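**Student:** Residue numbers (numbering that gives the first Met the number 0): 0 to 512.
Every residue gets a Cβ at the ideal spot worked out from N, C-alpha and C, and that includes glycine.
Quick caveat: nothing in here was measured; it's all calculated off a predicted structure.
Next up is a structure, given as structure tokens.
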Amino acid sequence: MSKEIVSKSRRVTSVVIGAITMIVLIALLAVLVVLPGSKQWVDAVAATDDAIDQTVSPTQTEAYCPAPMGLADTGSYGDSAFQATTGNLSTQARYAAFDSVYSATVSAFGDDSADNITLKDADPTDNDAVKTGAQSIDNGSRLLDTRMLQAAEGTGTVGSIASWADDGDLKGVSASSCETTALSQSFLLSGTATGTTQQLIIANPSTKPTTVEIKIWGSKQSGEMALSTQSSLAIPASGENALDLAAAAPNQQGLYVTVSSKETPIAAVVRTVSMNGLTSKGSDFALPLHDASNASVATSIAKGDAVDAYLYAASATGVTLSWITEHGLVQAKDATLQANRVTVVDLGEAPEDALGVMSTAEDDVAFSVKASQSGDDDQADFALINAAAPASFTGLAIPDDVDATVSLANSSNQSRKATLHAYDADGKATASKEVEIDANAATTIDIKDLSKDNESAVLLMLEDQSQQIGWGVRLTHANLGDDKVAGLASLGATPLMPATTHVWARSNPSIVH
Numbered sequence: 000m001s002k003e004i005v006s007k008s009r010r011v012t013s014v015v016i017g018a019i020t021m022i023v024l025i026a027l028l029a030v031l032v033v034l035p036g037s038k039q040w041v042d043a044v045a046a047t048d049d050a051i052d053q054t055v056s057p058t059q060t061e062a063y064c065p066a067p068m069g070l071a072d073t074g075s076y077g078d079s080a081f082q083a084t085t086g087n088l089s090t091q092a093r094y095a096a097f098d099s100v101y102s103a104t105v106s107a108f109g110d111d112s113a114d115n116i117t118l119k120d121a122d123p124t125d126n127d128a129v130k131t132g133a134q135s136i137d138n139g140s141r142l143l144d145t146r147m148l149q150a151a152e153g154t155g156t157v158g159s160i161a162s163w164a165d166d167g168d169l170k171g172v173s174a175s176s177c178e179t180t181a182l183s184q185s186f187l188l189s190g191t192a193t194g195t196t197q198q199l200i201i202a203n204p205s206t207k208p209t210t211v212e213i214k215i216w217g218s219k220q221s222g223e224m225a226l227s228t229q230s231s232l233a234i235p236a237s238g239e240n241a242l243d244l245a246a247a248a249p250n251q252q253g254l255y256v257t258v259s260s261k262e263t264p265i266a267a268v269v270r271t272v273s274m275n276g277l278t279s280k281g282s283d284f285a286l287p288l289h290d291a292s293n294a295s296v297a298t299s300i301a302k303g304d305a306v307d308a309y310l311y312a313a314s315a316t317g318v319t320l321s322w323i324t325e326h327g328l329v330q331a332k333d334a335t336l337q338a339n340r341v342t343v344v345d346l347g348e349a350p351e352d353a354l355g356v357m358s359t360a361e362d363d364v365a366f367s368v369k370a371s372q373s374g375d376d377d378q379a380d381f382a383l384i385n386a387a388a389p390a391s392f393t394g395l396a397i398p399d400d401v402d403a404t405v406s407l408a409n410s411s412n413q414s415r416k417a418t419l420h421a422y423d424a425d426g427k428a429t430a431s432k433e434v435e436i437d438a439n440a441a442t443t444i445d446i447k448d449l450s451k452d453n454e455s456a457v458l459l460m461l462e463d464q465s466q467q468i469g470w471g472v473r474l475t476h477a478n479l480g481d482d483k484v485a486g487l488a489s490l491g492a493t494p495l496m497p498a499t500t501h502v503w504a505r506s507n508p509s510i511v512h
């Protein structure tokens, strides 16, 4: 065979082999694109049993202290004699920080410069790590910002305001504690009959606006109500907004209300004002409920109070309502609750030895009471009292210029002991009193009995390792209208316990990098 023929044969062979190689490479590339690659070809996180599973607690909290009691309608139209007016309303506030709080400041809500207060320890060398502050308030709400060295039991801040008047449309006494922000809050409220306003006030202390969803259940039928107003409310950043619940759900004997925010924690209170024509029938703040329970107690009741109980449960259940006294329970009334419907029980006048009302049920029940007193000329005032929230450590601040009686109740079936610590306006200890309360019984302590020399006790902390004693203070004001004006309010204790969030994470072998 000639050299020319051999050369041509080799070239043809090379071309064929090259073509076959190209086809094979293209086919392999297509397979790699379509099919997942082998795990050994990539850098993957190996599957292990490693996991994070723990509870964490923030060391910074924010609490909202509402503006003084006010009227929803303060228009200046019509004859001046018939215009709504707050009268000679006065308001005082007090704040306290306990234990490992290194910074606590109070500022006008939405304004970091006006009326700022930094809570201070008058004597940093003593053993009582209590910082305090107080102020007189003409208008506007406040934000209590707390920074802690550590989130621990007995560490935290409390605050409260009290308003009173013996002239105008807000005769009597009203009070509110400062409420910590949360993504959702619920309320159990008195009725929305003609003459009563229930003004839901929602505050958003964050720098981002949010929209809250509002749901309401009433007393006339089971199930969520279709509202006469909007069911959502936009809350601006560092701002507040309000909704008239009486307009949203009129003519109900009682309301159960939930407020939920998806974007950022909020705080809320309800200003309740009742009028009968031109006659003041009382006002008070309704505050967010604690967790529902099958056994709970509302304190700060006294002889002669006209008492209504408000109850709500997610499932039908039977309830027994009892007066709680120093010697135990005295049954008042039984009730059957329908699911998702508010039940109102008129308990009549509190008997001579009654110090609170206890609710016992088969299932968890949300529970609150309204205690009313009458003054001259058909005037009246009332206190809205939620079921207490027992905890290992709880605290309370009493504003200036009101009279206070401490009321403690043991909701368990055996005797319990706790220690009540009292401090003056400078944070100095005035008393430390061990309290023993019989099973299902209650007791009261006059605030004067916790004072020392000329230093009045205005700050209280209860250490209760049983977590069974609920407590609060009953507030009055001396000589309102020469004792012709009824004045009544209540403050419940605030838990001084770390807020907790559960964090859980585990390695995922499908995550690659």
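Relative to the alpha-carbon of residue 294, which residue among 358, 336 and 288 has its alpha-carbon at the smallest distance?
**Tutor:** Residue 294 sits at position 295 when you count from the first residue of the sequence shown. Measuring from the Cα of residue 294, the nearest candidate turns out to be 358.
**Student:** Taking the runs of the alpha helix (DSSP H) that are 4 residues or longer, which of them lie wholly in the region 151–239?
**Tutor:** You should have found no qualifying run.
**Student:** When you compare the CB positions of residue 114 and residue 91, do they come within less than 8 Å of one another, or not?
**Tutor:** For the purposes of this step, residue 114 is taken as the residue at position 115 of the sequence shown. For the purposes of this step, residue 91 is taken as the residue at position 92 of the sequence shown. Not a contact, by the Cβ cut-off of 8 Å.
**Student:** Can the beta-carbon of residue 350 be found less than 8 Å from the beta-carbon of residue 200?
**Tutor:** The residue given as residue 350 occupies position 351 in the sequence shown. The residue given as residue 200 occupies position 201 in the sequence shown. No, they are not a contact pair.
**Student:** Cβ of residue 105 within 8 Å of Cβ of residue 197?
**Tutor:** Counting from one through the sequence shown, the residue named residue 105 turns up at place 106. Counting from one through the sequence shown, the residue named residue 197 turns up at place 198. Contact flag unset, no.
**Student:** Out of 236, 205, 259 and 400, point me to the one whose CA is closest to residue 230's CA.
**Tutor:** The residue you call residue 230 lines up with position 231 of the sequence shown. Nearest of 236, 205, 259 and 400 to residue 230, Cα basis: 259.
**Student:** Which of the three DSSP states, helix, strand or coil, is assigned to residue 397?
**Tutor:** Residue 397 sits at position 398 when you count from the first residue of the sequence shown. Coil at residue 397, not helix or strand.
**Student:** Can you check which of these residues, 329, 386 and 71, is closest to residue 242 by C-alpha distance?
**Tutor:** Walking along the sequence shown from the start, residue 242 turns up at place 243. If we check each option's Cα against that of residue 242, 71 comes out closest.
**Student:** Thinking just about the alpha-carbon of each residue, which of 58, 99, 495 and 300 is nearest to the one in residue 513?
**Tutor:** Beyond the ends of the chain as shown, which are 0 and 512, falls residue 513; an answer cannot be given.
**Student:** Within the same chain, show all residues whose beta-carbon is closer than 7 Å to that of residue 330, passing over the 5 residues directly before and after it, in chain order.
**Tutor:** Stepping through the sequence shown from its first residue, residue 330 is reached at position 331. Result list for residue 330: 319 and 321, in chain order.
**Student:** Please report how far the alpha carbon of residue 267 lies from the alpha carbon of residue 202, in whole angstroms.
**Tutor:** As a position in the sequence shown, residue 267 is number 268, starting the count at 1. As a position in the sequence shown, residue 202 is number 203, starting the count at 1. C-alpha separation (whole angstroms): 6 Å.
**Student:** Tell me which residues share the same chain as residue 408 and place their Cβ nearer than 6 Å to its Cβ, disregarding the 5 neighbours each side in the sequence.
**Tutor:** Stepping through the sequence shown from its first residue, residue 408 is reached at position 409. These residues qualify, in order along the chain: 296, 298, 323, 355, 441 and 469.
**Student:** Once you ignore the five residues that flank residue 300 on each side, which residues in its own chain have a CB closer than 7 Å to its CB?
**Tutor:** One-based indexing of the sequence shown puts residue 300 at position 301. Correct list, in chain order: 306, 349, 353, 354, 355, 356 and 370.
**Student:** Which residues mark the beginning and the end of the beta strand (DSSP E) in which residue 320 is found?
**Tutor:** Residue 320 sits at position 321 when you count from the first residue of the sequence shown. That run of the beta strand (DSSP E) goes 316–324.
**Student:** For residue 336, tell me which candidate among 205, 311, 424 and 98 has the shortest Cα-Cα distance.
**Tutor:** Along the sequence shown, read from residue 1 onward, the residue named residue 336 stands at position 337. Nearest C-alpha to residue 336: 311.
**Student:** Could you check which residue in 211, 144 and 166 has the C-alpha nearest to that of residue 513?
**Tutor:** Because the chain is modelled from 0 through 512, residue 513 falls outside the range shown and cannot be assessed.
**Student:** For residue 427 versus residue 449, is the C-beta spacing smaller than 8 Å?
**Tutor:** Locating residue 427 in the sequence shown gives position 428, where the first residue counts as 1. Locating residue 449 in the sequence shown gives position 450, where the first residue counts as 1. Result no, Cβ atoms of residue 427 and residue 449 do not sit closer than 8 Å.
**Student:** Taking one C-beta from the region 475–493 and one from the region 387–404 each time, how about it: are there three or more such pairs within less than 8 Å?
**Tutor:** As far as the Cβ criterion goes, the region 475–493 touches the region 387–404, which means the pair count is three or higher.
**Student:** Are residue 164 and residue 280 close, meaning C-beta to C-beta below 8 Å?
**Tutor:** Position 165 of the sequence shown, counted from the start, is the residue given in the question as residue 164. Position 281 of the sequence shown, counted from the start, is the residue given in the question as residue 280. Contact flag unset, no.
**Student:** Go to residue 62, then tell me how far its beta strand (DSSP E) extends in each direction, as first and last residue.
**Tutor:** The residue given as residue 62 occupies position 63 in the sequence shown. Unbroken beta strand (DSSP E) run through residue 62: 59–64.
**Student:** Flag this pair as yes or no: are the beta carbons of residue 224 and residue 215 separated by less than 8 Å?
**Tutor:** On the sequence shown, residue 224 is found 225 positions in, with the first residue counted as 1. On the sequence shown, residue 215 is found 216 positions in, with the first residue counted as 1. Their beta carbons are under 8 Å apart, which means residue 224 touches residue 215 by this criterion.
**Student:** Less than 8 Å between the CB atoms is what I'm expecting for residue 474 and residue 174, so what's the real figure, rounded?
**Tutor:** For the purposes of this step, residue 474 is identified with residue 475 of the sequence shown, where counting begins at 1. For the purposes of this step, residue 174 is identified with residue 175 of the sequence shown, where counting begins at 1. Rounded, the Cβ-Cβ distance is 5 Å, consistent with contact.
**Student:** Using a threshold of 8 Å, state whether the C-beta atoms of residue 247 and residue 273 are closer than that.
**Tutor:** On the sequence shown, residue 247 is found 248 positions in, with the first residue counted as 1. On the sequence shown, residue 273 is found 274 positions in, with the first residue counted as 1. Contact: no.
**Student:** What are the complete alpha helix (DSSP H) segments, minimum 4 residues, inside the region 232–290?
**Tutor:** Segments of the alpha helix (DSSP H) lying fully in the region 232–290: 244–247.
**Student:** Does the beta-carbon distance from residue 131 to residue 94 come in below 8 Å?
**Tutor:** Taking the sequence shown and counting its residues from 1, one reaches residue 131 at position 132. Taking the sequence shown and counting its residues from 1, one reaches residue 94 at position 95. Taking 8 Å as the Cβ cut-off, residue 131 and residue 94 qualify as a contacting pair.
**Student:** For residue 325, tell me which candidate among 160, 438 and 423 has the shortest Cα-Cα distance.
**Tutor:** Locating residue 325 in the sequence shown gives position 326, counting from the first residue. Residue 325 has its Cα closest to that of 438, out of 160, 438 and 423.
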